[in-house]
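Numbering-wise (this note's numbering), the sequence shown opens with residue 316 and increments by one. Backbone N, C-alpha and C fix where the C-beta goes; we use that ideal spot for every residue, glycine too.
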Amino acid sequence: MIAAVIGGGTMGAGIAHVLLAGGHRVVLVEAGAERVAAAGQRVERSLAKADERGKLPAPPAELLARLTVARELADLAPDVELVVEAVPEDAALKRAVLAAAATACPDAVLASNTSSLSITALAEGLPGERVLGLHFFNPVPVQPLVELVRHDGVDPDVLARARTWAESLGKTVIEVRDSPGFATSRLGVAVGLEAIRMLEEGVADAEGIDTGMRLGYNWPVGPLRLTDLVGLDVRLAIAEHLEAELGPRFAPPALLRAKVARGELGRKSGQGFFAW
């Protein structure tokens, strides 16, 4: 089976990794020669790390033999059965990518990896019966969950096909109705924003807040460190979207805005709520 992943950043490379490990052929699409090379290298590094932990079903070279990295959506073959877009959280960009994929791959499931944007809105003007959400979690090769997001116009057969794809990757699937933030982002952002407010108010330091949630509530990682891993800029964008949709309880704290303005974006910049 052939899948296409659009966008070769952290999430796109991770999705390509699990598709390859699941036995599928993958076309990874990125724009520009440098970005294409970087995307391929991310997948290669991800597979190498998994191999070191004994988490691959075959040697990395064997899996990479099923990977093609392309520059243009037009390069996608019509027999692609699943398209997952993993481009930045910009609705217009995502809709344009899905529209091009819909034309290039007339029978494919069209999935967005968005963590908060409306699937209903993304499907407007497209063959909406083929559009749904497949929300993977970072790091994709490690996290066992996929959120399958349905909207009113999706074909039940397409929904079933998407579930089969996700389960073929060894993922546990939860199905949710299209709504702001779905289930996981809405709850995760709510806790993360409250943790930032507590830090802002001096309730405890970052390590104390995170330790409390890890040891008191059995979280594998605390909400502030998780925000660093997700990216403070990403969390800010999601919070702003949820504030617009659901009201002031999702208003981003001033501390979050200040850190993003200073370029303290978390692990990817070397500094967030923690030093990396």
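Contact annotation, L413 with L391: C-beta distance approximately 12 Å; criterion of less than 8 Å not satisfied.
In the structure shown, H466 falls within a coil segment according to DSSP collapsed to helix, strand and coil. When DSSP reads this structure, R340 sits in a beta bridge with I317. Looking from the CA of E579, the closest CA among L561, G562, D548, L557 belongs to D548. In the DSSP assignment, S500 falls within the unbroken alpha helix (DSSP H) covering 499-515. Beta-bridge annotation (DSSP): R492 is paired with R465. Beta-carbon to beta-carbon, I524 and G537 are separated by about 6 Å, close enough to satisfy the 8 Å threshold. The straight-line gap separating the alpha-carbon atoms of E396 and E462 is approximately 19 Å. S427: member of the beta strand (DSSP E) spanning 424-427, first to last residue.
Annotation: the segment 372-457 contains the following complete segments of the beta strand (DSSP E) (minimum length 3 residues), in chain order: 382-385, 397-400, 424-427, 446-451.
Under DSSP, A590 takes part in a beta bridge, and its partners are Q586.
In the structure shown, L561 falls within a helical segment according to DSSP collapsed to helix, strand and coil. Proximity of the segment 524-535 to the segment 405-423 falls short of the contact definition, fewer than three beta-carbon pairs being nearer than 8 Å. Setting aside the 5 residues that flank it on each side, T542 is surrounded in the same chain by G507, R550, each with a C-beta closer than 6 Å to its C-beta; the list follows chain order. If you draw a straight line from the Cα of I330 to the Cα of P456, it comes to about 8 Å. Assignment of G523 by DSSP, reduced to helix, strand and coil, places it in the helix class.
L570 sits in a helix when the DSSP states are folded into three classes.
The segment 550-563 makes no contact with the segment 473-490, as fewer than three CB pairs between them are under 8 Å. Following the DSSP letters along the chain, one finds E482 inside the alpha helix (DSSP H) bounded by residues 471-483.
Each of A336, E439, P403, V424 was checked against the Cα of S430, and the nearest Cα belongs to P403. Closest option to L388, judged by alpha-carbon separation, among R350, A416, P454: A416.
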